[in-house]
Amino acid sequence: MANQTTETLKRTPLYDMHVDLGARIVPFAGYEMPVQFPMGVMGEHTWTRTHAGLFDVSHMGPCFLTLEEGIGGGDEAHAAISALVETLVPSDIAGLKQGQARLTVLLNAEGGILDDLIITRPIGDDAQGSLYIVVNGAVKHQDWEIFETALAGKAVLTRADDRILFALQGPEAVDVMSDFFPGCEELAFMHHMPFELNGTRCIVSRCGYTGEDGFEVLVSAVAGVPLVEEMLEDTRVRPVGLGARDSLRLEAGLCLYGHDMDATRDPVEAGMAWVIQKTRREAGNFPGAARILAALKDGPAEKRVGIRPLERAPAREGTEIEIDGKTVGVVTSGGFGPTVDHPVAMGYIAAAHAAPGTKVDLMVRGKARPGEVVALPFVPHNYKR
Amino acid sequence: MATYYTEDHEWISVEGDAGKVGITKYAAEQLGDVVFVETPDVGKTVKKGDDMAVVESVKAASDVYAPVSGEVTEANAALADAPETVNESPEGDGWFCVIKLSDTGELDGLMDEAAYTAFCKGL
Numbered sequence: 540m541a542n543q544t545t546e547t548l549k550r551t552p553l554y555d556m557h558v559d560l561g562a563r564i565v566p567f568a569g570y571e572m573p574v575q576f577p578m579g580v581m582g583e584h585t586w587t588r589t590h591a592g593l594f595d596v597s598h599m600g601p602c603f604l605t606l607e608e609g610i611g612g613g614d615e616a617h618a619a620i621s622a623l624v625e626t627l628v629p630s631d632i633a634g635l636k637q638g639q640a641r642l643t644v645l646l647n648a649e650g651g652i653l654d655d656l657i658i659t660r661p662i663g664d665d666a667q668g669s670l671y672i673v674v675n676g677a678v679k680h681q682d683w684e685i686f687e688t689a690l691a692g693k694a695v696l697t698r699a700d701d702r703i704l705f706a707l708q709g710p711e712a713v714d715v716m717s718d719f720f721p722g723c724e725e726l727a728f729m730h731h732m733p734f735e736l737n738g739t740r741c742i743v744s745r746c747g748y749t750g751e752d753g754f755e756v757l758v759s760a761v762a763g764v765p766l767v768e769e770m771l772e773d774t775r776v777r778p779v780g781l782g783a784r785d786s787l788r789l790e791a792g793l794c795l796y797g798h799d800m801d802a803t804r805d806p807v808e809a810g811m812a813w814v815i816q817k818t819r820r821e822a823g824n825f826p827g828a829a830r831i832l833a834a835l836k837d838g839p840a841e842k843r844v845g846i847r848p849l850e851r852a853p854a855r856e857g858t859e860i861e862i863d864g865k866t867v868g869v870v871t872s873g874g875f876g877p878t879v880d881h882p883v884a885m886g887y888i889a890a891a892h893a894a895p896g897t898k899v900d901l902m903v904r905g906k907a908r909p910g911e912v913v914a915l916p917f918v919p920h921n922y923k924r
Numbered sequence: 008m009a010t011y012y013t014e015d016h017e018w019i020s021v022e023g024d025a026g027k028v029g030i031t032k033y034a035a036e037q038l039g040d041v042v043f044v045e046t047p048d049v050g051k052t053v054k055k056g057d058d059m060a061v062v063e064s065v066k067a068a069s070d071v072y073a074p075v076s077g078e079v080t081e082a083n084a085a086l087a088d089a090p091e092t093v094n095e096s097p098e099g100d101g102w103f104c105v106i107k108l109s110d111t112g113e114l115d116g117l118m119d120e121a122a123y124t125a126f127c128k129g130l
């Protein structure tokens with residue numbers, strides 16, 4: 540780990556705005572990011588579930604992967620760029636419709652997860668041959684190097700992390716967004732549309748990581764700062780920091796890379812086998828296919844599950860899970876869920892004990908506390924299908 | 008009765024050889040919404056600087072250190088069902104425990120209110 544006092548931290552184009560809004564700033568993924576605003580984690584969490592929370596996620600890794608010969612060429616060009624990317628991910632990219640996006644995972648040769656990412660197919664025959672990809676901030680340099688090395692001479696990677704990427708999440712997000720981007724309310728979950736804003740192109744996607752309906756917007760820094768400032772003037776919108784982002788995604792049962800999945804875990808044990816579509820399973824042509832197909836057939840040795848501590852003490856990351864004094868698993872994310880008003884956690888447990896309702900002991904500070912395996916998510920998803 | 012403060016943001020309000028202990032308003036504000044408090048068991052002997060209690064916010068768990076050595080004679084049971092009291096009244100109803108001091112001389116190493124206020128300003 541780099542020493543945080545010597546590490547040079549970057550700032551997103553919205554940094555000054557965060558400071559003006561009274562944010563508490565912390566180092567995160569190489570950036571100075573707001574962990575919470577004066578409203579506080581609990582308030583920001585609840586606001587997002589009931590109104591609309593605005594998240595700066597410009598530290599993430601938006602990028603474009605484009606055929607060396609350039610865009611244009613309709614379905615044939617999409618097939619060509621998809622064939623390249625599918626050597627690295629196990630999802631059906633070729634089968635994406637124009638405007639559609641998919642969550643997938645970047646795999647190492649052993650089938651371990653190097654990152655989770657969203658891949659979007661652009662709209663319009665003249666735009667084919669390119670993919671819009673958003674990877675996690677903490678590992679973006681690793682991911683980009685993998686793309687560039689594997690696809691050298693065939694495709695070009697263009698970083699877009701000098702722009703603003705922000706999310707507006709919550710049940711009122713759609714009403715706010717349609718004031719700024721008329722027509723975006725028609726988008727279904729995991730679909731996008733391009734928009735012109737003051738002469739710059741932005742990408743509006745209906746997705747997010749809170750379990751709520753919402754949008755993510757990629758926009759230039761120059762057009763994005765006034766856009767976000769204007770959006771925050773809407774009484775339905777409040778800025779939300781990393782603290783509530785974490786509690787929201789945990790309640791929604793969504794994985795945080797580096798915690799709930801990493802290079803030692805394959806998509807099957809991580810509960811993400813659904814990212815591997817049928818065509819890819821049949822073809823078996825992705826990194827680590829032997830391990831992953833075996834796990835699909837025989838079931839994984841461990842499974843990612845929801846854990847509900849039955850008392851008020853949260854079980855944090857690293858908490859050992861025991862049954863009859865034997866360690867059977869470990870908590871990988873844990874905290875307090877403001878919407879369920881109770882501690883919530885997720886972690887990995889031996890497959891034999893993974894059934895919902897299984898009683899476990901959570902070893903919190905050396906003391907066994909009762910817990911139960913539960914189905915995820917803790918709060919139902921509210922996506923626009 | 009006199010109140011003393013530590014650099015780790017605990018306070019101790021001493022009467023005779025007994026001190027009521029909690030975390031300061033500054034600490035409570037830094038932590039944010041408190042969702043769980045683990046107070047020490049009554050009868051436990053603590054040494055100055057020991058992990059004595061745990062206070063948890065939505066995001067993280069933080070240790071609370073014993074400001075003095077002694078024996079825990081009382082713990083604030085009300086925090087079990089109302090941990091938010093630590094935010095609402097950190098230096099009042101949100102107290103953690105009472106310690107019977109084994110060495111009142113340890114108080115000399117702590118800050119008074121003026122010194123603690125100046126200490127926080129420097130953070």
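Going line by line, the protein sequences match chains A and B. The opening position of the first sequence corresponds to residue 540 in the working numbering, with each subsequent residue numbered one higher. The opening position of the second sequence corresponds to residue 8 in the working numbering, with each subsequent residue numbered one higher. The C-beta atom is built at its ideal place from N, Cα and C for all residues, glycine as well.
Here valine 678 of chain A carries a helix assignment [DSSP, helix/strand/coil]. Shown here, phenylalanine 734 of chain A sits in a strand according to DSSP, grouped into three states. Per DSSP, reduced to three states, the secondary structure at glycine 600 of chain A is strand.
One Cα belongs to valine 49 of chain B, the other to serine 630 of chain A, and the distance between them is close to 57 Å.
Distance check between valine 42 of chain B and each of A:Arg819, A:Leu696 and A:Pro853 places A:Pro853 closest, using alpha-carbon atoms only.
Taking all protein chains in view, the Cβ of arginine 804 of chain A is crowded by 16 or more other Cβ atoms within 10 Å, so the residue is classified as buried. Taking a contact to require three or more Cβ pairs closer than 8 Å, the region 94-109 of chain B and the region 10-26 of chain B qualify as touching.
Counting only Cβ-Cβ distances below 8 Å, proline 853 of chain A has contacts in chain B at Val42, Phe43, Glu63 and Ala68, in chain order. In terms of beta-carbon proximity, methionine 581 of chain A lines the interface with chain B, with at least one pair separated by less than 9 Å. In this structure, DSSP gives proline 882 of chain A an extended state, which the three-state scheme calls strand.
At least 9 Å separates the beta-carbon of valine 79 of chain B from that of aspartate 70 of chain B. At least 9 Å separates the beta-carbon of valine 673 of chain A from that of methionine 716 of chain A. With a contact defined as Cβ atoms closer than 8 Å, phenylalanine 603 of chain A and threonine 749 of chain A miss out at about 25 Å.
For arginine 641 of chain A, the closest Cβ of chain B is not nearer than 9 Å. Counting only Cβ-Cβ distances below 8 Å, alanine 87 of chain B has contacts in chain A at Arg851, in chain order. With the criterion set as a beta carbon lying under 8 Å from some beta carbon of chain B, the members of the region 785-802 of chain A are Asp785 and Ser786, in sequence order. Cβ atoms of glycine 600 of chain A and asparagine 675 of chain A come within 8 Å of each other, at about 7 Å. Boundaries around isoleucine 658 of chain A are those of the beta strand (DSSP E), 652-659, since no alpha helix (DSSP H) includes it.
Residue burial annotation: asparagine 737 of chain A is exposed, with fewer than 16 other C-beta atoms found within 10 angstroms of its C-beta.
Measuring C-alpha to C-alpha distances from glycine 896 of chain A to each of A:Phe720, A:Val912 and A:Val814 identifies A:Val912 as the nearest. For proline 90 of chain B, no alpha helix (DSSP H) encloses it, and the DSSP letter there is neither H nor E. The beta carbon of alanine 783 of chain A falls within 9 Å of a beta carbon belonging to chain B, placing the residue at that interface. With respect to valine 776 of chain A, methionine 770 of chain A sits close: the two C-beta atoms are nearer than 9 Å. Contact between the region 651-662 of chain A and the region 579-588 of chain A is absent: fewer than three C-beta pairs spanning the two stretches fall below 8 Å.
Where proline 848 of chain A is concerned, the enclosing beta strand (DSSP E) starts and stops at 841-848. Contact of arginine 904 of chain A with chain B is assigned, a C-beta pair being separated by under 9 Å.
DSSP, read as helix, strand or coil, puts tryptophan 18 of chain B in strand.
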